[in-house]
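Notes to accompany the following structure.
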Amino acid sequence: MAGRPKKSLSVIGFTLLCLTTVISSKTAPETPTIDQAYSKISNSITVEWTTVPGATSYLLTAEDGDTVIETTVASSPGTVTGLKAATLYQITIRSIGASGQSDASSPKLAKTGKTVLAAPILEVGSPSPDSILVRWDAVYMAIGFSVSVMRANGLGRIWKENTTNTSLTFSSLDAGTLYTIKAYAWNANGIPGDDSTCNQRTMACAPGRVTIQEDPPGHLSVAWSNVELGDYYVAFVKSDDGLEVHCNTSLPQCTFLSECGFTYFISVFAYNKAGQSPLGDVFNYTTAPCCPNDISWVLVSSDRVEIAWSPVRGAELYETKAIAGYSVVECNDPAPACTLSALDCDTKYNITVYSFSEVRGSNLSCSSHYITTAPCSPEIKNISKDAFSTINVHWRSTNEGATYTVTAQGQKGLFRCSSAGETCMIGGLPCGSVFSVTAVAETQAGKSLPSYSVPLETEPCCPAGLTAAQVSQSLINVSWTVGTAAQTYVAVLESHIGQSKCHTHQNHCLLGCVACGINYTVALKAISPTGLTADCAHRSYSSSACCPLGVKLYRLGPNGIRIYWQASRGSANYSTDLYGSKGIFTCAPSAGLSFCDVTDIPCGDVYTVMVSPVTETGLKLTFCPKKIYSVTCSGSTLGMVIYRGKRNETVGPR
């Protein structure tokens, strides 16, 4: 019994030993050998290898120096995904079996060298009905691009272009058609990259056969032909004042509100998924010009009417007609005003203003107005004057129930009188004025044209001031202000001993042969160019005292001079002046004396001596003769007094 258990243990131990030997004899599968690796898509590399016995799967590894990407596949071929485009990768493979995985195979590069180029990102559009524009960004490592276009339904030709640019335009396409666009890039080895595919529809053609009608007035109807492959339409109507409206419709017709006098510009676009069609023909339609509705008129005269109004839209010309019985008067003018002439005075006319444009002609719906011309003009028969600046005007009356206004118009103003008869009186007319006298008749219809004017002249105005000033012992200068309308003047100086007179066109004159110390009367007359004379100012004037005679200088002591003269007739006061380079020395004599002394005067100088009468107002007259003396020195005192002659001065008006 004891041996059996021991024997049993031996058998069991042998069995365990055999099992251990069997397990340790199972090893990992062999390392596979890569036959080839290649890239057909920019984010993957496909690997082919020989199958290894005992491998249940394979581990593919791609390394680019920065990243490691592993993928487990069941059999050859296998693909590593998640890679970067145009990048060089080393590929290794391990076999995996029940007993583990093998060592990595020798690294292998893709047959293409790198992963292929990425697909270009396309941006497409249809700039015209027969073209498609394709644009894309540059692709890394690409040296060229291939782009093709064909109908999405596969019918028709294929357009294909190779380029190094980043855009292409394909033309001669069909409008409103869906096209498929395919593009790829290639590298320096000519290996193409990923494809990029998209669809684009060409835009529709612009609508044609556009017609425009205004029916009824104020409504524009726009119609056009249907456009193939057009989804809907938008019609735009823009008036020439800049206001624009539009309508969006799937029908080939739109209706818009319109106004008179506008030019409307109409354009129609077709739309589909490609966008808006190109601009076709732009049409314009001009409505009838508006009628003037604020007509006003001014009766310019009995035979003429002036009409004015505000400009209206669309009018290039205005036609105005005035009708009275069988009489028709017309005027055409682009300006918003018209003067109708050759009308009959005091007559009722039917006047209409029509607006006109070359496109639409005359707007005959404009309304009429009635107007009556002014009364006929009166005729002035005569004008009479009296002594008090008053005139009486007489005229011939040709209108019944008219009031007549007579106007005297001149630079000094307007003066009027009115009457329902045939005469009226105007007073207070200013002097020195020329007036034009006219008469006007007035009724409820307006005023007549003025009568023919009759000239009227009043006497010239007298000067406002008259002065007389003595410029020499025998000459008086008479001066005055200018009198209105006076052309010449007559100045008269008169006394008991005689008369002096001058006739001049100036405002002053010199009157000679005047005796000193005499009372005179000064008179002035103003004369107009037509000979009308006005008697003006009279005033008294006394001539000055006579200048002294025999003026002499005598030495008076060591530093003094005596001035001596002979007094003229009549009593007068005198003033004596000595003018030298070293000063002016003045002395006045005592009453009744005919000399005066200058007690301190420098020697060695030349002196001008003048003895002048002095008026009652204290004015010193300066027109008396001046004598020249030289006074020499004798040591420090006066020497000889020597007479050198007279100083001449021009005498004239002051």
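Under mature numbering (1 follows the signal peptide of the UniProt record, and there is no 0), the letters of the sequence shown match residues -25 to -1, 1 to 629, in that order.
Just so it is clear, CB atoms sit at the ideal spot from N, CA and C, and this is done for glycine as well.
What residue range is occupied by the uninterrupted beta strand (DSSP E) comprising G555? Taking the sequence shown and counting its residues from 1, the one referred to as residue 555 is at position 580. That run of the beta strand (DSSP E) goes 548 to 555.
Cβ-Cβ distance between K86 and Y64 below 9 Å: Taking the first residue of the sequence shown as position 1, residue 86 is located at position 111. Taking the first residue of the sequence shown as position 1, residue 64 is located at position 89. For K86 and Y64, no; Cβs fall outside 9 Å.
Pull the bridge partners of C180 from the DSSP assignment, please. Numbered from its first residue, the sequence shown carries residue 180 at position 205. Paired residue(s): none; C180 is not in a bridge.
Would the beta-carbon of P4 fall within 9 Å of that of P28? Sequence index remark: in the sequence shown, residue 4 carries index 29 (1-based). Sequence index remark: in the sequence shown, residue 28 carries index 53 (1-based). Yes, the pair counts as a contact, with Cβ atoms nearer than the cut-off.
Three-state secondary structure (DSSP) at Q65? Position 90 of the sequence shown holds residue 65. Strand at Q65.
Could you give the DSSP three-state label for M116: helix, strand or coil? Taking the first residue of the sequence shown as 1, we reach residue 116 at position 141. Note: M116 maps to coil in three-state DSSP.
For I355, collect the residues of the same chain with a Cβ closer than 6 Å to its Cβ; drop the 5 residues on either side in sequence, then sort them by chain order. Start at 1 with the first residue of the sequence shown, and residue 355 comes out as number 380. Answer for I355: W370, A414, S426, V429, listed in chain order.
Same chain, Cβ closer than 6 Å to V467, neighbours up to 5 away in sequence not counted: If you number the sequence shown from 1, residue 467 lands on position 492. K476, A498.
Quick check: the Cα distance between Y115 and A160, rounded to an integer number of angstroms? What you label residue 115 is simply residue 140 of the sequence shown in a count that begins at 1. What you label residue 160 is simply residue 185 of the sequence shown in a count that begins at 1. Near 9 Å, if we compare the C-alpha coordinates of A160 and Y115.
Output the distance between the C-alpha atoms of I96 and L35, rounded to the nearest integer angstrom. Position 121 of the sequence shown, counted from the first residue, corresponds to residue 96. Position 60 of the sequence shown, counted from the first residue, corresponds to residue 35. When rounded, the distance between both Cα atoms is 30 Å.
Please identify the residue among R69, A37, A79 whose C-alpha is closest to the C-alpha of K59. Position 84 of the sequence shown, counted from the first residue, corresponds to residue 59. The shortest Cα separation from K59 among R69, A37, A79 belongs to A37.
Look at the Cβ atom of P438, then the Cβ atom of A501, and state whether they are nearer than 9 Å. Here residue 438 corresponds to residue number 463 of the sequence shown, with the count starting at 1. Here residue 501 corresponds to residue number 526 of the sequence shown, with the count starting at 1. A contact, by the Cβ cut-off of 9 Å.
Alpha carbon to alpha carbon, how far is T442 from M615? Give it in angstroms, no decimals. Counting from 1 along the sequence shown, the entry for residue 615 is found at position 640. Counting from 1 along the sequence shown, the entry for residue 442 is found at position 467. Roughly 46 Å between the two C-alpha positions.
Touching by the beta-carbon criterion (3+ pairs, under 8 Å), the stretch 510 to 527 and the stretch 482 to 497: yes
To the nearest angstrom, report how far apart T295 and S340 are at their CA atoms. One-based indexing of the sequence shown puts residue 295 at position 320. One-based indexing of the sequence shown puts residue 340 at position 365. Cα to Cα, T295 sits roughly 13 Å from S340.
Would you mind sorting N174 into buried or exposed? The rule is 16 or more other CB atoms within 10 Å of its CB. Position 199 of the sequence shown, counting from 1, holds the residue named residue 174. Burial call: exposed.
Where do the N-terminal and C-terminal ends of the beta strand (DSSP E) with H221 fall, by residue? For this step, residue 221 is matched to residue 246 along the sequence shown. Run containing H221: 219 to 224, per the beta strand (DSSP E) assignment.
Straight-line CA distance for Q419 to Y239? Residue numbering aside, residue 419 sits at position 444 when the sequence shown is read from its first letter. Residue numbering aside, residue 239 sits at position 264 when the sequence shown is read from its first letter. It is roughly 47 Å from the alpha-carbon of Q419 to the alpha-carbon of Y239.
Chain-order list of residues whose beta-carbon lies under 7 Å from that of L613 (same chain, five-residue window excluded): Position 638 of the sequence shown, counting from 1, holds the residue named residue 613. Counting only Cβ-Cβ distances below 7 Å, and skipping sequence neighbours, we find R530, P533, N534, C578, V606.
Whose C-beta lies closer than 8 Å to the C-beta of D278 among residues of the same chain, with five residues either side of it excluded? One-based indexing of the sequence shown puts residue 278 at position 303. S316, A317, L318, D319, C320, T348, L424.
Three-state secondary structure assigned by DSSP to T378: Numbered from its first residue, the sequence shown carries residue 378 at position 403. Three-state DSSP puts T378 in a strand.
Does DSSP put I576 in a helix, in a strand, or in coil? Reading the sequence shown from its first residue, position 601 is the one you call residue 576. Coil at I576, not helix or strand.
Y13 versus M125: straight-line alpha-carbon distance, rounded: As a working mapping, residue 13 is identified with position 38 in the sequence shown. As a working mapping, residue 125 is identified with position 150 in the sequence shown. Cα to Cα, Y13 sits roughly 30 Å from M125.
What's the gap between the Cα of G458 and the Cα of G440? Taking the first residue of the sequence shown as 1, we reach residue 458 at position 483. Taking the first residue of the sequence shown as 1, we reach residue 440 at position 465. Between G458 and G440, the alpha-carbon positions lie close to 10 Å from each other.
Please go through the same chain and pick out, in chain order, the residues whose beta-carbon is closer than 6 Å to the beta-carbon of Y324, but skip the five residues on each side of it. Translated into the one-based positions of the sequence shown, residue 324 becomes position 349. Around Y324: A297, A299, I346.
For T46, name the three-state secondary structure that DSSP assigns. By one-based count along the sequence shown, residue 46 stands at place 71. If DSSP states are grouped into helix, strand and coil, T46 belongs with the strands.
Look up E189 in the DSSP assignment and give the residues it is bridged to. As a first step, residue 189 is located in the sequence shown; it is residue number 214 there, counting from the start. Partner(s): L195.
Can you tell me the Cα-Cα spacing of E326 and W284, whole angstroms? Mapped onto the sequence shown, residue 326 falls at position 351. Mapped onto the sequence shown, residue 284 falls at position 309. It should be noted that the sequence gives Ile, not Glu, for residue 326. Cα to Cα, I326 sits roughly 13 Å from W284.
Within 10 angstroms of its Cβ, does I270 collect 16 or more other Cβ (buried), or is it exposed? If you number the sequence shown from 1, residue 270 lands on position 295. Label assigned to I270: buried.
At least 3 beta-carbon pairs within less than 8 Å: the stretch 540 to 560 vs the stretch 518 to 530: Contact holds: three or more Cβ-Cβ distances are below 8 Å.
Closest residue to R622 among Y604, A150, S609, Y208 (Cα-Cα distance): Translated into positions along the sequence shown, residue 622 becomes position 647. The shortest Cα separation from R622 among Y604, A150, S609, Y208 belongs to Y604.
Whether G193 touches E234 by CB criterion (9 Å): Here residue 193 is taken as the residue at index 218 of the sequence shown, counted from 1. Here residue 234 is taken as the residue at index 259 of the sequence shown, counted from 1. For G193 and E234, yes; Cβs fall inside 9 Å.
According to DSSP, is R(-22) part of a helix, a strand, or is it coil? Position 4 of the sequence shown, counted from the start, is the residue given in the question as residue -22. Caution applies to R(-22), whose pLDDT of 35 falls short of 50 and renders its modelled position unreliable; the value that the coordinates give is listed next. Residue state, collapsed to three classes: helix.
Could you tell me which residues DSSP puts in a beta bridge with V429? Counting from one through the sequence shown, the residue named residue 429 turns up at place 454. Its beta-bridge partners are V412.
Residues bridged to residue 630 [DSSP beta-bridge criterion]: There is simply no residue 630 to check, as the chain begins at -25 and stops at 629 in what is shown.
How about the stretch 444 to 453 and the stretch 471 to 486: do they share at least three Cβ pairs that are nearer than 8 Å? yes
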